[in-house]
Amino acid sequence: MAEYKRPQSLKPMATPYCPGCLHALATRLVADVIDELQQSQNAINVVSVGCSALNLYTWKGDVIGAAHGRAPAVATGIKRCLPDRLVFTYQGDGDLAAIGLAEIMSAANRGENFTVIFANNQTYGMTGGQMAPTTLIGQKSTTTPFGRDPMTTGYPLKMCELMAVLEAPVFVARYALNSPKGVMDAKKGIRKAFELQMAGKGFTFIELLTNCPTNWGMGPIDTLEYMNTNTIPYFKPGIYKDKESEA
Amino acid sequence: MITINSLMCKGCGYCIRFCPKHILEMGKERSAKGFFYPVNIDKDACTSCGICALMCPEAAIEVSDKEA
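Order-wise, the sequence lines are chains X and L.
For what it's worth, the working numbering labels the leading residue of the first sequence as 1361, then goes sequentially.
For what it's worth, the working numbering labels the leading residue of the second sequence as 91, then goes sequentially.
#1: Curious, which full-length alpha helix (DSSP H) runs of at least 4 residues does the stretch 1489-1530 of chain X contain?
#2: Under three-state DSSP, which class holds T1564 of chain X?
#3: Pop quiz: S1369 of chain X and G1421 of chain X are said to be a contact at Cβ under 8 Å. What is the actual Cβ separation, rounded to whole angstroms?
#4: Tell me whether the beta-carbon of C1378 of chain X lies closer than 9 Å to the beta-carbon of P1573 of chain X.
#5: Find the residues of chain L that neighbour C1381 of chain X, judging by a C-beta separation of less than 7 Å, and give them in chain order.
#6: How would you list, in chain order, the residues of chain L whose beta-carbon sits under 7 Å from the beta-carbon of E1363 of chain X?
#7: State the DSSP-derived secondary structure class of P128 of chain L, mapped to helix, strand or coil.
#8: Between the alpha carbons of G1598 of chain X and V1532 of chain X, how many angstroms are there, rounded?
#9: Below 9 Å between beta carbons: does that hold for I1438 of chain X and F1478 of chain X?
#10: Relative to the alpha-carbon of K1625 of chain X, which residue among X:T1483, X:Y1515, X:G1514 has its alpha-carbon at the smallest distance?
#11: Is the beta carbon of N1571 of chain X sitting closer than 9 Å to the one on G1380 of chain X?
#12: Should D1392 of chain X be labelled buried (16 or more other beta-carbon atoms within 10 Å of its own) or exposed?
#13: Would you please verify whether the beta carbon of L144 of chain L is less than 9 Å from any beta carbon of chain X?
#14: For Y1484 of chain X, which of helix, strand or coil comes out of DSSP?
#15: Any beta-carbon of chain L closer than 9 Å to the one on Y1377 of chain X?
#16: Along chain L, which residues have their Cβ under 7 Å away from the Cβ of V1543 of chain X?
#17: For V153 of chain L, which of helix, strand or coil comes out of DSSP?
#18: Identify the continuous beta strand (DSSP E) that holds L114 of chain L and give its terminal residues.
#19: Does the beta carbon of I131 of chain L come closer than 9 Å to any beta carbon on chain X?
#20: Could you please give the first and the last residue of the uninterrupted alpha helix (DSSP H) stretch that includes G1471 of chain X?
#21: For a minimum of 4 consecutive residues, which ranges assigned as the alpha helix (DSSP H) are wholly contained in the stretch 1570-1597 of chain X?
#22: Kindly indicate if chain L contains any beta-carbon less than 9 Å away from that of M1519 of chain X.
#23: From L1446 of chain X to A1362 of chain X, what distance separates their C-alpha atoms?
#24: Would A1413 of chain X pass as an interface residue toward chain L - the criterion being a Cβ-Cβ separation below 9 Å?
#25: How about the stretch 1488-1505 of chain X and the stretch 1536-1544 of chain X: do they share at least three Cβ pairs that are nearer than 8 Å?
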């Protein structure tokens, strides 16, 4: 038996996301955890550009919009000025893994005390489904109509693995949101990241594998199956770094 | 006992896909937004496990232990 109420951190309206978009689920999970931790008045949501930024329309608490990819830089400034606030960035893969790669690596390397929620849907959703750095080999997009070819466009970027080799981050984990188990694990991971941040431990990074029914050209249920057969074997879910448990 | 808010629902069908009792079904009526939305076809069989609410991207499903 479970009880579930709509999180108070969200406005009583539908999100602007397409039907079946797991960005909406990721936003809801963050809101659930913030409600559980009773931080809805204390949290600051830093968004940059892309579909990820659309969650500001439903977010009830404080939101600040950064330039494209620069959410970690803005979050650094906020957290240093307001160390008591719960600061997190919510970024997509085109934002974090492409244009914002310098900012995220620098912020992680400095061990800034905030949380990054990275929603990886392997496409540039807002601009119409172009190839992102995380697009899978052979996956079709509007700029790779015959599938991504590693000879010309390289290989999908694994952000969690990159983060895990840095010295400063304290918690780095990846979760897939295409099954109830994955969603429950993701919720625990987000909660742990926020708790570590509130304890002042340092940089935490959560990658959430999501879908894009519109730009993948599939129905919502089909995208979940596609994630099972293609996305998860390449982007393996799991905890990549947990400094607290290791110590 | 679950309550589906048709104004939030976009008819993605994740709740139907993951309901362990298979008691959710896409309804025949459209919501005010123009989407078909799921309905509970067997209210007595619902165990309030909350998996539909867990998978709902829009938080359109609320779960309570109480009988309506």
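C-beta: ideal position from N, C-alpha, C; glycine also.
The model shown is predicted, which means the values in this text are computed figures rather than measured ones.
Checking against the coordinates, here is how it stands:
#1: When DSSP assignments are scanned along the stretch 1489-1530 of chain X, the uninterrupted stretches of alpha helix (DSSP H) that are 4 or more residues long and fall wholly within it turn out to be 1510-1513, 1519-1524.
#2: Looking at T1564 of chain X - three-state DSSP - the assignment turns out to be strand.
#3: The C-beta separation of S1369 of chain X from G1421 of chain X comes to about 6 Å, placing the pair in contact by the 8 Å criterion.
#4: Going by C-beta atoms, C1378 of chain X is nearer than 9 Å to P1573 of chain X.
#5: Neighbours of C1381 of chain X on chain L, chain order: P147.
#6: Close to E1363 of chain X, with beta-carbon spacing below 7 Å, are these residues of chain L in chain order: V153, S154, D155.
#7: Secondary structure at P128 of chain L: strand, using DSSP grouped into helix, strand and coil.
#8: Counting only the Cα atoms, V1532 of chain X lies some 9 Å from G1598 of chain X.
#9: No, they are not a contact pair.
#10: The requested residue 1625 of chain X does not occur in the structure, where chain X is confined to residues 1361 to 1607.
#11: In contact: N1571 of chain X and G1380 of chain X (Cβ atoms closer than 9 Å).
#12: That one is buried.
#13: Closer than 9 Å to some Cβ of chain X, the Cβ of L144 of chain L qualifies, so yes.
#14: When secondary structure is reduced to three states using DSSP, Y1484 of chain X falls in the strand class.
#15: By this cut-off, Y1377 of chain X is an interface position.
#16: Under the 7 Å cutoff, chain L gives L144, M145.
#17: Annotated three-state conformation of V153 of chain L is strand, per DSSP.
#18: From DSSP, the beta strand (DSSP E) with L114 of chain L extends over 114-120.
#19: So, not an interface residue.
#20: From DSSP, G1471 of chain X is part of no alpha helix (DSSP H); its letter is neither H nor E.
#21: Considered as a whole, the stretch 1570-1597 of chain X harbours 1573-1576, 1580-1586 as its complete alpha helix (DSSP H) runs of no fewer than 4 residues, in chain order.
#22: Not a single CB atom of chain L sits nearer than 9 Å to the CB of M1519 of chain X.
#23: Roughly 28 Å separates the two Cα atoms.
#24: Not one chain L Cβ lies under 9 Å of A1413 of chain X.
#25: Contact annotation: the stretch 1488-1505 of chain X does not touch the stretch 1536-1544 of chain X, with fewer than three C-beta pairs closer than 8 Å.
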